[in-house]
Amino acid sequence: MRKRIAIDMDETLVDTLSRHIQWYNEEFNQQLTKADLAGAKIYQRVPAEHVARVRAYPDDPRFFADLVPHDNAIAVIQTLHEHYEVVIATAAMEHPTSFTAKYEWLVQHLPFLSPMNFIFCGKKYLVNADYLIDDSARHFVGFKGTGVLYTAPHNVKDPADIRVDNWQQVLSFFTAGLSAEADNQAPKEASAGEVSV
Numbered sequence: 039m040r041k042r043i044a045i046d047m048d049e050t051l052v053d054t055l056s057r058h059i060q061w062y063n064e065e066f067n068q069q070l071t072k073a074d075l076a077g078a079k080i081y082q083r084v085p086a087e088h089v090a091r092v093r094a095y096p097d098d099p100r101f102f103a104d105l106v107p108h109d110n111a112i113a114v115i116q117t118l119h120e121h122y123e124v125v126i127a128t129a130a131m132e133h134p135t136s137f138t139a140k141y142e143w144l145v146q147h148l149p150f151l152s153p154m155n156f157i158f159c160g161k162k163y164l165v166n167a168d169y170l171i172d173d174s175a176r177h178f179v180g181f182k183g184t185g186v187l188y189t190a191p192h193n194v195k196d197p198a199d200i201r202v203d204n205w206q207q208v209l210s211f212f213t214a215g216l217s218a219e220a221d222n223q224a225p226k227e228a229s230a231g232e233v234s235v
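Per our numbering, residue 39 is the first one in the sequence shown, and the count goes up by one each step.
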């Protein structure tokens, strides 16, 4: 049976932060960059009077409509799909108007995955998977599998047992796992002095 990988969408599969920064800078005529957000969420780095607007951006369905995937994300997921069962686990409950836009994005960009593999879930520990790739370590609490922290500006200072900085590192991590499994399943060679019959 193939192992299952659950993959978060926002800031793991897609670059939602760039959209947040773009909209904020355009609305308030600012020059905020990702470098300004090291160790913090965007709403923790803007003036208090702007926080409500920034938090409301994902309520606009256009926010998710044409998000850019992280470099190599789609190709790596397609490769993983050949060896693992891949599901996308993303929350839409905090911003209910995002559901349709997220679903349509996933259908468009991941046509090799069945829509039945798209899980809209706020509590990721409920997902029965062997691995969870996510930019928020809080989702690993209670998760029965292995958490893989995907680096984002807000989590650069967070401790992580397993951290990946990009999708090439994701691929390397999981292909190394496949090699280890293959080695474990290969017939053992006879040890010195042992006779095979």
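All C-beta atoms in this analysis are idealised placements derived from N, C-alpha and C, irrespective of residue type, glycine included.
Because the structure is a prediction, the values reported are computed rather than measured.
Who are the Cβ neighbours of Ser-174 in its own chain at under 6 Å, not counting the five residues just before and after it?
-> Nothing listed; no residue qualifies.
At which residues does the alpha helix (DSSP H) containing Ala-44 begin and terminate?
-> DSSP places Ala-44 outside any alpha helix (DSSP H); the residue lies instead in the beta strand (DSSP E), whose first and last residues are 42-45.
For Phe-212, which three-state DSSP category applies?
-> Helix at Phe-212.
Assumed close pair Tyr-95, His-58 - CB separation to whole angstroms, cut-off 8 Å | Right, the Cβ-Cβ distance comes to about 6 Å (below 8 Å), so this counts as a contact.
May I ask you to report which of helix, strand or coil DSSP gives Phe-101?
-> Phe-101 falls in the helix class under three-state DSSP.
Own chain partners of Thr-135 with C-beta closer than 7 Å, once the 5 adjacent residues on each side are dropped = Once the five neighbours on either side are set aside, the close Cβ partners of Thr-135 are Asp-97, Pro-99.
Do three or more CB pairs link the segment 191-202 to the segment 149-165 at distances below 8 Å?
-> Touching, no.
Give the range of the beta strand (DSSP E) segment to which Phe-156 is assigned.
-> Here the beta strand (DSSP E) through Phe-156 covers 156-158.
Start-end ranges of the beta strand (DSSP E) lying completely within the segment 72-153, minimum 3 residues = As far as the segment 72-153 is concerned, its whole beta strand (DSSP E) runs of at least 3 residues are 123-128.
Pair within 9 Å by beta-carbon distance, Val-125 and Ala-167 | Yes, these two residues count as a Cβ contact at 9 Å.
Heavy atom of the ligand ZN within 8 Å of Leu-170 beta-carbon | Absence of the ligand ZN from the depicted structure is noted, as is the absence of any ligand whatsoever, leaving it without description.
Assuming Leu-105 and Val-52 form a contact by the criterion Cβ under 8 Å, report the distance between their Cβ atoms to the nearest whole angstrom.
-> With a contact defined as Cβ atoms closer than 8 Å, Leu-105 and Val-52 qualify at about 4 Å.
Count the other C-beta atoms from every protein chain shown that fall within 10 angstroms of the C-beta of Leu-170, then say buried if there are 16 or more, exposed otherwise.
-> Looking at its Cβ environment, which holds 16 or more other Cβ atoms inside 10 Å, Leu-170 is buried.
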